[in-house]
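This report refers to the structure that appears directly beneath it.
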Amino acid sequence: MIYLNIFLSEIYKILFLLIPVLVSVALIVWLDRRIWAFVQKRKGPNVVGPLGLFQTLSDALKYVFKEVIIPASANKTIFVLAPIITLTLALIGWAVIPFSDTMVLANINVGILYLFAVSSLGVYGIIMGGWASNSKYPFLGAIRSAAQMVSYEVSIGIIIINVLVCVGSLNLNQIVLAQQKVWFILPLFPMFVIFFISALAETNRPPFDLPEAESELVAGYQTEYSGMMYAMFWLGEYANILLLCALGSILFLGGWLSPFDIYPFNVLPGVFWLLIKILFLFILFSIVKAIVPRYRFDQLMRLGWKVFLPFSLVWLVLTASFLFFFDMLPKVSI
Amino acid sequence: MLAHTFFFYFFSGIAILSSLMVTLSRNTVYSVFFLILVFVSISILFIMIGAEFLGMIMLIVYVGAVAVLFLFVVMMLNVTEIVNKKNLKKKIINYRSVASLVGLIILLEMLIVVSGWKYKETFSVFSSININSEISNTHAIGNVLYTDYILLFQISGMILLVAMIGAITLTFKKKENVKRQKYFEQINREKDSSISLVEVESDKGVKLND
Chain A
1 MIYLNIFLSE IYKILFLLIP VLVSVALIVW LDRRIWAFVQ KRKGPNVVGP LGLFQTLSDA
61 LKYVFKEVII PASANKTIFV LAPIITLTLA LIGWAVIPFS DTMVLANINV GILYLFAVSS
121 LGVYGIIMGG WASNSKYPFL GAIRSAAQMV SYEVSIGIII INVLVCVGSL NLNQIVLAQQ
181 KVWFILPLFP MFVIFFISAL AETNRPPFDL PEAESELVAG YQTEYSGMMY AMFWLGEYAN
241 ILLLCALGSI LFLGGWLSPF DIYPFNVLPG VFWLLIKILF LFILFSIVKA IVPRYRFDQL
301 MRLGWKVFLP FSLVWLVLTA SFLFFFDMLP KVSI
Chain B
335 MLAHTFFFYF FSGIAILSSL MVTLSRNTVY SVFFLILVFV SISILFIMIG AEFLGMIMLI
395 VYVGAVAVLF LFVVMMLNVT EIVNKKNLKK KIINYRSVAS LVGLIILLEM LIVVSGWKYK
455 ETFSVFSSIN INSEISNTHA IGNVLYTDYI LLFQISGMIL LVAMIGAITL TFKKKENVKR
515 QKYFEQINRE KDSSISLVEV ESDKGVKLND
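Chains A and B are the protein sequences, given in the same order.
So in our numbering, spot 280 of the first sequence is number 280, and the numbers just go up one at a time.
So in our numbering, spot 105 of the second sequence is number 439, and the numbers just go up one at a time.
Spelled out as structure tokens, the structure:
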């Protein structure tokens, strides 16, 4: 009986987290399209509901009622499994995101490693989808994305180490609390820029959307997908973008901390500040999508391995030596 | 405790079954997927005994990077199914002696590992590490890894670096007749050196020299 109670209360908590995340994914898709349209002097989706807010809902309904087509030569199990894995991995990452000092589903010691692991597993959905489709465009898209995501994970990992050297803990709440004096975006600004660009590459956003570059690969790994399975890829992609925005705001923008610890700012709850920061990063993401042309694949690889990796390594050495020589390394009680 | 036992047997069962499937499945891509399942369930077992750092590193390194490369290679080579069953049987008979030898050696090694674990106090002199249960195991690993075992840590890093450089030099081929982008030249181009205004005479045109 006690297990049932624990189980039900956890389910309740998870639903309380997941439903807002899914709703905000729907809203963020709309926001993305609106910003894209505004940059190009169009109106964007503005018909369904007030300001077109229900556009994503109607799109999702359309996908639900469409027929799911599975190609005859596809590997059916893996073909169906791929979008499920993408969506699941994009959603389970939210379990460790702290929305305030107490509002966190699982306050685990190695939260940042968990997030990093989840985002590095994201490549499987794409590879499986591309391989199982048994068609050349999806397969090429999958190979591209495997190379791209594995390369940019390396630089994201080193950037995370940069932050961790300043914090001295892998717990996400500790990382936020360490920024009470100054947000890490100020001392580690170059790392923030590199993190932002690597996050674009990690989530296959333009200008790094080579896995689904429509001019050369039709729609990349999604080519053979239709109906609900396509919608799951699509939701997973946006949930992943939001997750990396959340990670960026926790690492560099002070998470749920308010920008100033004075009266009108510190009465607002931490959730509000975190959402504002995620929204800010997401707006940057969509403006980049609208104004930057797509990279070529060799340029992408060069940027990841020959520019970001050495630069973030050097910066790591600099940060560590600075902290060491000025005796500012975080103290750990032994 | 009951739930803990249940989850332990559940995940270890998955690990054992899928490690069997790695060798038994005919499709090599399936084998790699089962290998990933083994890695994931073993990292869950690590987390269940409280070694959360090891479990996460296992996920990041093995599942997030190594298995991706495995999958990459297996998919590219396209060795999906072995169709010719007769040939396969013949091959298995050919390799029977070698395979049983290798199996025997692995069995002996496992026996040594298990007995070494059981009689650790009699053989090992390194069992003097103080484990402080107050600090998280990430801190505990860091404390011994970067102090007592720094030499071993550095040496293993060097071995990995040498292996990486070796692999790159073995596969690197300097290709001729490949147009490479020259970034600095491209960025440093000025208007004066690259654009010229030419008065074109009628019926003669211009001669391009690049």
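Quick reminder that beta carbons are idealized off the backbone N, C-alpha and C, glycines included.
Computed from a predicted model, the values in this text were never measured in an experiment.
Rounded straight-line distance, which links the Cα of residue j to that of residue i
i, j, result
"A/Pro45", "A/Gln55", "7 Å"
"B/Val363", "B/Gln488", "35 Å"
"B/Leu438", "B/Met444", "10 Å"
"A/Ile78", "A/Leu113", "27 Å"
"A/Ile334", "A/Asn266", "Residue confidence is low: A/Ile334 scores 47 on pLDDT, short of 50, so the model does not pin down where it sits. No coordinate-derived value is stated."
"A/Ile287", "A/Ala37", "10 Å"
"A/Leu274", "B/Val366", "39 Å"
"A/Ala201", "A/Gly304", "9 Å"
"B/Ala474", "B/Asp482", "12 Å"
"A/Val123", "A/Ile262", "43 Å"
"A/Ala246", "A/Leu279", "9 Å"
"A/Gly129", "B/Val372", "21 Å"
"B/Ile446", "B/Arg430", "24 Å"
"A/Trp30", "A/Val21", "14 Å"
"B/Glu535", "B/Arg523", "28 Å"
Of the listed residues the options, nearest to residue i (C-alpha basis)
i, options, result
"A/Gln174", "A/Glu10, A/Leu17, A/Leu15, A/Pro330", "A/Pro330"
"A/Arg33", "A/Asp298, A/Tyr295, A/Asp327, A/Phe282", "A/Phe282"
"A/Phe116", "A/Val48, A/Glu10, A/Asp327, A/Thr203", "A/Thr203"
"A/Val80", "A/Ser133, A/Ser24, A/Asp327", "A/Ser133"
"A/Gly125", "A/Ala146, A/Tyr137, A/Leu57", "A/Ala146"
"A/Val110", "B/Tyr517, B/Phe387, B/Gly450, B/Ile383", "B/Phe387"
"A/Thr102", "A/Leu177, A/Tyr63, A/Ile85, A/Gly49", "A/Leu177"
"A/Arg302", "A/Phe324, A/Ile85, A/Phe208", "A/Phe208"
"A/Glu224", "A/Phe272, A/Leu51, A/Gly254, A/Trp131", "A/Trp131"
"B/Tyr517", "A/Lys306, A/Val150, A/Ser169", "A/Lys306"
"B/His338", "B/Met355, B/Gly384, B/Ile529, B/Lys541", "B/Gly384"
"A/Ser373", "A/Trp234, A/Arg296, A/Ile156", "Only positions 1 to 334 of chain A appear in the structure, and residue 373 of chain A is not among them; the question remains open."
"A/Phe99", "A/Phe297, A/Glu10, A/Leu172, A/Glu153", "A/Leu172"
"A/Ser226", "A/Tyr3, A/Ala60, A/Ile6", "A/Ala60"
"B/Asn361", "B/Leu411, B/Gly476, B/Lys508, B/Leu403", "B/Leu411"
Chain A within 8 Å of residue i, Cβ atoms only
i, result
"B/Ala349", "no"
"B/Glu386", "yes"
"B/Leu405", "yes"
"B/Ala337", "yes"
"B/Met492", "no"
"B/Ser365", "no"
"B/Ser359", "no"
"B/Leu393", "yes"
"B/Val496", "no"
"B/Val402", "yes"
Closer than 9 Å at the beta carbon, the chain A residues around residue i
i, result
"B/Ala399", "Ser120, Val150, Glu153, Val154"
Cβ of residue i within 8 Å of any chain B Cβ
i, result
"A/Leu113", "yes"
"A/Ile334", "Residue placement at A/Ile334 is flagged as unreliable, the pLDDT there being 47, under the threshold of 50; the coordinate-derived value follows with that caveat. Yes, A/Ile334 counts as interfacial toward chain B."
"A/Phe343", "Outside the displayed range of chain A (1 to 334) lies residue 343 of chain A, so it cannot be described from this structure."
"A/Asn134", "no"
"A/Phe260", "no"
"A/Ala146", "yes"
"A/Ile127", "yes"
"A/Val123", "yes"
Amino acids of chain A, ordered along the chain, whose beta-carbon sits closer than 8 Å to that of residue i
i, result
"B/Ser536", "None at all; the shortest Cβ gap to chain A is about 39 Å."
Any non-hydrogen atom of the ligand PLP closer than 7 Å to residue i Cβ
i, result
"A/Met128", "As presented, the structure is devoid of all ligands, the ligand PLP included, so that no description of it is given."
Beta-carbon neighbours of residue i, restricted to chain B and to distances below 7 Å
i, result
"A/Phe116", "Ile394"
"A/Leu170", "Thr472"
Proximal chain A residues relative to residue i, where beta-carbon distance stays under 7 Å
i, result
"B/Val372", "Per Cβ cutoff of 7 Å: no residues; B/Val372 is ~15 Å from chain A at best."
"B/Met390", "Val110, Leu113, Tyr114, Ala117"
"B/Ser470", "Asn109"
Chain B contact residues for residue i, given Cβ-Cβ distances below 9 Å
i, result
"A/Tyr3", "Leu336, Ala337"
"A/Trp131", "Val363, Leu405, Met409"
Contact set between residue i and chain B, taken where Cβ atoms lie within less than 8 Å
i, result
"A/Val39", "In chain order: nothing, as chain B lies at least about 26 Å away."
Taking 8 Å as the threshold, find out whether the region 134-145 of chain A comes into contact with the region 206-216 of chain A through three or more Cβ pairs.
yes
Would you check if there are 3 or more beta carbon pairs closer than 8 Å linking the region 346-353 of chain B to the region 303-321 of chain A?
no
Inter-stretch contact (C-beta, 8 Å, three-pair minimum) for the region 228-246 of chain A and the region 183-191 of chain A:
no
Do the region 90-97 of chain A and the region 238-256 of chain A touch if we need at least three Cβ pairs shorter than 8 Å?
yes
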